[in-house]
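Numbering (the working numbering), first residue to last: 751 to 890. The beta-carbon is built from N, C-alpha and C at its ideal position, and this holds for glycine as well. Report on the structure given below.
Right, dumping it as structure tokens:
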């Protein structure tokens with residue numbers, strides 16, 4: 751800038767990726783409600799592989815004198831991959847259609863984080879979250 755203590759502002763939306771692949775192990779405690787319905791509570795470790803994009807550089811273009819505006823033109827990104835060990839807790843409800851087949855709904859929460867070196871210092875990357883679903887449960 752031509753004058754000091756006159757900050758300029760600019761904004762840019764960067765396209766960053768975040769992908770997770772997880773394996774959840776758990777122990778399950780089953781509470782029979784009646785002959786056809788049961789509730790399960792579970793907990794255990796989660797192993798999460800996370801790939802995340804970090805901004806390493808921001809490209810910009812200044813206007814001509816008196817340099818009162820700046821335009822951000824893009825970013826340079828790098829991908830980091832880490833493995834996170836987390837804990838998971840969950841619950842499910844099963845309605846038995848037959849002795850070995852039932853309809854099941856579940857909820858699971860797993861959360862973990864890891865630190866990676868970024869351009870401006872350490873960056874914490876969170877992994878995990880809430881999952882829920884419905885499906886068919888087979889018992890043996």
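With respect to the C-alpha of residue 762, the residue from 778, 753 and 826 having the closest C-alpha is 826.
Ranking 862, 861 and 845 by CA distance to the CA of residue 854 puts 845 first. Taking C-beta separations shorter than 6 angstroms and ignoring five residues to either side along the sequence, the partners of residue 874 in its chain run 863 and 865, following chain order. Linking residue 778 to residue 851 through their CA atoms gives a straight-line distance of about 18 angstroms. Under DSSP, residue 872 shares a beta bridge with 867. Three or more Cβ pairs closer than 8 angstroms define a contact, and the segment 802-819 falls short of that threshold against the segment 787-794. Between residue 760 and residue 821 a beta carbon distance of about 6 angstroms is seen, short of the 8 angstroms cut, so the two are scored as contacting. Within 10 angstroms of the beta-carbon of residue 768 lie fewer than 16 other beta-carbons, which makes it exposed.
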